[in-house]
Amino acid sequence: MIKDITIGQYFPGKSAVHRLDPRMKLLLTVLYIVMLFIAKGFLGLAVGIIYMLAAFLMSGIPIRMMLKSVKPILPIIVFTGFLNLFFITTGDPLVEWHFIKITTGGLKTMVFMASRIILLIFGTSLLTYTTSPITLTDAIERVMSPLKVIKFPAHEIAMMMTIALRFIPTLIEETDKIMSAQKARGADMESGNVIKRAKALIPILIPLFVSAFRRAEELALAMECRCYHGGEGRTRLKQLKTAPRDYVALAVTVLFIVAVILLNRFLPI
Amino acid sequence: MGIIRTEDLTYVYGEGTPFRKTAVDGVNLDIEAGEIVGIIGHTGSGKSTLIQHFNGLLKPTSGKVFIDGEELFADKSRLKEIRFKVGLVFQYPEYQLFEETVYKDIAFGPKNMGLTDGEADKRIKETARLVGLKPELLDKSPFELSGGQKRRVAIAGVMAMEPKVLILDEPTAGLDPRGRDRILGLIKEYHAEKGTTVLLVSHSMEDVAKTVSKILVMNDAKVFMYSDRSSVFAKADELTAMGLTVPQVTRVFDRLRAMGIEFDDEVFSIDYAKDLVLRLLAEKRR
Amino acid sequence: MEKFIEIKDVSFSYINDYDDPPTKNTVLKGVTLDINKGEFVAVLGHNGSGKSTLAKLLNSINLPESGDVFVDGMNTRDEDKLYDIRRTVGMVFQNPDNQIVATVVEEDVAFALENIGVEPSEIRKRVDWALKKVGMYEYREHAPHKLSGGQKQRIAIAGVLAMQPKCIVMDEPTAMLDPIGRREIMQTITELNSEGVTVVLITHYMEEAARAGRVVVMDDGKILLDGAPKKVFSQAELLKSVGLDVPDVTDLTHGLIRAGIDLPDDIISEDECVERLYQLLKKE
Numbered sequence: 010m011i012k013d014i015t016i017g018q019y020f021p022g023k024s025a026v027h028r029l030d031p032r033m034k035l036l037l038t039v040l041y042i043v044m045l046f047i048a049k050g051f052l053g054l055a056v057g058i059i060y061m062l063a064a065f066l067m068s069g070i071p072i073r074m075m076l077k078s079v080k081p082i083l084p085i086i087v088f089t090g091f092l093n094l095f096f097i098t099t100g101d102p103l104v105e106w107h108f109i110k111i112t113t114g115g116l117k118t119m120v121f122m123a124s125r126i127i128l129l130i131f132g133t134s135l136l137t138y139t140t141s142p143i144t145l146t147d148a149i150e151r152v153m154s155p156l157k158v159i160k161f162p163a164h165e166i167a168m169m170m171t172i173a174l175r176f177i178p179t180l181i182e183e184t185d186k187i188m189s190a191q192k193a194r195g196a197d198m199e200s201g202n203v204i205k206r207a208k209a210l211i212p213i214l215i216p217l218f219v220s221a222f223r224r225a226e227e228l229a230l231a232m233e234c235r236c237y238h239g240g241e242g243r244t245r246l247k248q249l250k251t252a253p254r255d256y257v258a259l260a261v262t263v264l265f266i267v268a269v270i271l272l273n274r275f276l277p278i
Numbered sequence: 144m145g146i147i148r149t150e151d152l153t154y155v156y157g158e159g160t161p162f163r164k165t166a167v168d169g170v171n172l173d174i175e176a177g178e179i180v181g182i183i184g185h186t187g188s189g190k191s192t193l194i195q196h197f198n199g200l201l202k203p204t205s206g207k208v209f210i211d212g213e214e215l216f217a218d219k220s221r222l223k224e225i226r227f228k229v230g231l232v233f234q235y236p237e238y239q240l241f242e243e244t245v246y247k248d249i250a251f252g253p254k255n256m257g258l259t260d261g262e263a264d265k266r267i268k269e270t271a272r273l274v275g276l277k278p279e280l281l282d283k284s285p286f287e288l289s290g291g292q293k294r295r296v297a298i299a300g301v302m303a304m305e306p307k308v309l310i311l312d313e314p315t316a317g318l319d320p321r322g323r324d325r326i327l328g329l330i331k332e333y334h335a336e337k338g339t340t341v342l343l344v345s346h347s348m349e350d351v352a353k354t355v356s357k358i359l360v361m362n363d364a365k366v367f368m369y370s371d372r373s374s375v376f377a378k379a380d381e382l383t384a385m386g387l388t389v390p391q392v393t394r395v396f397d398r399l400r401a402m403g404i405e406f407d408d409e410v411f412s413i414d415y416a417k418d419l420v421l422r423l424l425a426e427k428r429r
Numbered sequence: 005m006e007k008f009i010e011i012k013d014v015s016f017s018y019i020n021d022y023d024d025p026p027t028k029n030t031v032l033k034g035v036t037l038d039i040n041k042g043e044f045v046a047v048l049g050h051n052g053s054g055k056s057t058l059a060k061l062l063n064s065i066n067l068p069e070s071g072d073v074f075v076d077g078m079n080t081r082d083e084d085k086l087y088d089i090r091r092t093v094g095m096v097f098q099n100p101d102n103q104i105v106a107t108v109v110e111e112d113v114a115f116a117l118e119n120i121g122v123e124p125s126e127i128r129k130r131v132d133w134a135l136k137k138v139g140m141y142e143y144r145e146h147a148p149h150k151l152s153g154g155q156k157q158r159i160a161i162a163g164v165l166a167m168q169p170k171c172i173v174m175d176e177p178t179a180m181l182d183p184i185g186r187r188e189i190m191q192t193i194t195e196l197n198s199e200g201v202t203v204v205l206i207t208h209y210m211e212e213a214a215r216a217g218r219v220v221v222m223d224d225g226k227i228l229l230d231g232a233p234k235k236v237f238s239q240a241e242l243l244k245s246v247g248l249d250v251p252d253v254t255d256l257t258h259g260l261i262r263a264g265i266d267l268p269d270d271i272i273s274e275d276e277c278v279e280r281l282y283q284l285l286k287k288e
């Protein structure tokens, strides 16, 4: 059943990573990504691994959850891995068989790129695991708010994200209900070719859209009744405050980046 | 054997997760054909889960369901066939309307059954009449109708499949008094005319008391009782403790009894209450 | 009595642009109604009688086509007063799901206060206060979609209450709830009213209306009856003719009166009915 799909991967906790200011977490994630991309060699990447490992151990997120986050990306990793393996022909040849040629350069690049992607996923997953969607939305709004000067709709985007998060579970439940109702009227959604199946979706999609529009209309009305008029002059219940630990985290991260730069310079392997 | 029978029917949600919940727990039921049954229970008592088993939308975690003597899920190829014997009208059924016209929407079920256009046409017109939809409404878009009309279209869509059992989940929810009476009236008429089994799920005791002959009370995933109206309403205190309400007249007469007025009857309709008062007065004068 | 809401000869129509030529559907036809401070008014009427439209006139969602609406001395047409009016008259709707904005209970209750620019420390205080008022304080960090219908509706009420409105208008707040949810909401409403909040309750349940201080019956865009519940419900025939009902006990006593029993025709509460019947039936 659709109900079983989990949306939003927040894993509640009270670890140091959880308690960091979400704006700082966003910044740190960006810095971490930069760190991964400037690393030229395996030693540089190793610094990234240490950083990740430290953050992960502090967060208290189960390893199983982290591994699960890589699963959907696995085909991409494998695919790019093969591309790297077969098409990069620098370095010493390892295997040569008909038109297939595998070299040390290819193997190295494959391992390097795969590790980088996995580290990237781990980093962003850690961010979403340790930050509730609402806090994250909030942080995005605040980080982007200076852009309001150039008419960038930071508040509107954040509001849309909040409402989306709020209504996803409701609409999933609704889809489930409509599907059951149409099945009870003999709708067949499991057999037939692609066209037949696509057609079978009509009795589900139309009621779903009609309902989503009705909900949107009612929600807009309720928001108006509660004096909503855009982001102007709005205050917030929760104020974000940076604590000393946020700056410590920032300093540590910067140190790691410096380490990567130094390694790039002096030990680029 | 009745038209619907269950043997130790159990259904568990989210098995193996922290949200594991037994929604239906060891239910044994035997509902006779032609009966009109009210199913009551508080939210989360398992009544909605239970009825979804009757047409195979849910597969029991354990136990069996028999419809018209045939076991559901025993032979998967028969499932669709058996499902057509049980028509299920969900809560707020007007939210599943999707066709361009009322006619086409009512036709959805009959067409899925593989009926010929002629046979479907006959049934559509017949049910439209039964639920009180004027012929000129059939060519309109269902989205143009009033709330009450939409609901009648949705109910007609299931009735047109001519199921042996018609199940309605909260058919009067959110309607005004006139709309409520209208829906209950047409359910009664349908039952009288077709003689098929009807199950009416509701937490409005007034609706149930007005319409049904037998009542199934669900509480905490189990059958609390399955009996005729008077025996069920005789347990007013227990029903109230379960978060259900008994009809106002029932409460009035329970209180009168507690105050020392002597009578044996269980009161759940206004007419009955009126006759009872008149009878008691006559006895008193004698 | 201090007049709080004044509706003066108000008409209102919806224009249907989909029809060609556009058609006009007049839903309110010259309605005049005053509501005093602290009153508990129930509004009855079948679907389409204009009662929801009337409710939306009270906080400038709808503006009258003709006539005027005054709320606490402010004309609802006055655009400068728009947010003052909406803070004064809070509104709760039928479907609790469609009026909750945030993914955390307390964030939702804070929504209106954030919109009107209240200081964060003050928001905190008022959110906690409002949640305690509706008995949902323990759920402040929960996700709304996991709560029951009655609980969600109480969150919606708290979200309005946080604005500290002088009046709350509720448009069929119990229509989608089970008996437990309905009981919870009615209890919350009566409590708020006893603390001085003016309540306008639109409902289809006669037993709920019987608990109000005053009942207004609408039919075809006009006010048909207006008075104390006893007075209104004694007109059972008229109410039934416009698609409404009376409480069961009223129905019963009217039936008995027709059968020649001597009973008052304005019994609307269970207690009263029990007492009267007891007097009638007890042994000498």
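Protein chains in written order, with the numbering used here: chain W, 10 to 278; chain G, 144 to 429; chain S, 5 to 288. Positions of the beta carbon are idealized from the N, C-alpha and C atoms, including for glycine. In this text the structure is predicted, and so the values were computed from the model without any measurement.
For residue j and residue i, the rounded distance between their alpha carbons
i                      : j                      : result
residue 143 of chain S : residue 113 of chain S : 12 Å
residue 417 of chain G : residue 250 of chain S : 16 Å
residue 261 of chain W : residue 24 of chain W  : 17 Å
residue 57 of chain W  : residue 45 of chain W  : 6 Å
residue 279 of chain W : residue 247 of chain G : Residue 279 of chain W lies beyond the stretch modelled for chain W, which goes from 10 to 278, so this question has no answer here.
residue 121 of chain S : residue 43 of chain S  : 30 Å
residue 127 of chain S : residue 247 of chain W : 9 Å
residue 275 of chain G : residue 295 of chain G : 8 Å
residue 65 of chain W  : residue 139 of chain W : 10 Å
Own chain, CB closer than 7 Å to residue i, minus 5 neighbours either side, in chain order
i                      : result
residue 79 of chain W  : 127 and 130
residue 150 of chain G : 171, 206 and 207
residue 7 of chain S   : 38 and 40
residue 224 of chain S : 53
residue 195 of chain G : 201
Anticipated Cβ contact below 8 Å, residue i with residue j, distance rounded
i                      : j                      : result
residue 237 of chain S : residue 272 of chain S : 5 Å
residue 53 of chain W  : residue 272 of chain W : 5 Å
residue 189 of chain G : residue 166 of chain G : 5 Å
residue 210 of chain G : residue 147 of chain G : 6 Å
residue 389 of chain G : residue 401 of chain G : Not a contact, Cβ separation roughly 14 Å.
residue 237 of chain G : residue 290 of chain G : 7 Å
residue 37 of chain W  : residue 258 of chain W : 6 Å
Nearest residue (CA-CA) to residue i, options the options
i                      : options                       : result
residue 218 of chain W : G:240, G:318 and G:348        : G:240
residue 265 of chain G : G:188, G:146, G:302 and G:234 : G:302
residue 180 of chain W : S:149, S:94 and S:43          : S:149
residue 244 of chain G : G:285, G:270 and G:183        : G:285
residue 97 of chain S  : W:146, W:229 and W:265        : W:229
residue 338 of chain G : G:177, G:356 and G:201        : G:177
residue 254 of chain W : W:157, W:133 and W:31         : W:31
residue 394 of chain G : G:168, G:360 and G:349        : G:349
residue 313 of chain G : G:327, G:305 and G:221        : G:327
residue 336 of chain G : G:347, G:270, G:343 and G:324 : G:270
Cβ-based neighbour list, residue i, same chain, cut-off 6 Å, excluding 5 preceding and 5 following
i                      : result
residue 119 of chain W : 90, 93 and 94
residue 110 of chain S : 131 and 144
residue 64 of chain S  : 80, 86 and 89
residue 232 of chain G : 298, 301 and 311
residue 204 of chain S : 45 and 173
residue 114 of chain W : 97, 99 and 100
Chain-order list of residues whose beta-carbon lies under 8 Å from that of residue i (same chain, five-residue window excluded)
i                      : result
residue 178 of chain S : 157, 185, 186, 189, 190, 207, 209 and 212
residue 15 of chain W  : Per-residue confidence for residue 15 of chain W stands at a pLDDT of 43, beneath the threshold of 50, marking its modelled position as unreliable; the derived number appears in the next sentence. Answer for residue 15 of chain W: no residue qualifies.
Residue i CB to nearest heavy atom of the ligand ADP below 7 Å
i                      : result
residue 221 of chain S : No copy of the ligand ADP appears in this structure; indeed no ligand is present at all.
Completely contained alpha helix (DSSP H) runs for the region 13 to 74 of chain W, where each covers 4 or more residues: 25 to 28, 31 to 47 and 51 to 68
Those runs of the alpha helix (DSSP H) which lie wholly inside the region 211 to 268 of chain S and span at least 4 residues: 233 to 237, 240 to 245 and 252 to 262
Give, in chain order, every unbroken run of the alpha helix (DSSP H) that is at least 4 residues long and sits entirely within the region 281 to 322 of chain G. 290 to 302
Go through the region 190 to 231 of chain W residue by residue and report every complete run of the alpha helix (DSSP H) that reaches 4 residues or more, in order. 203 to 209
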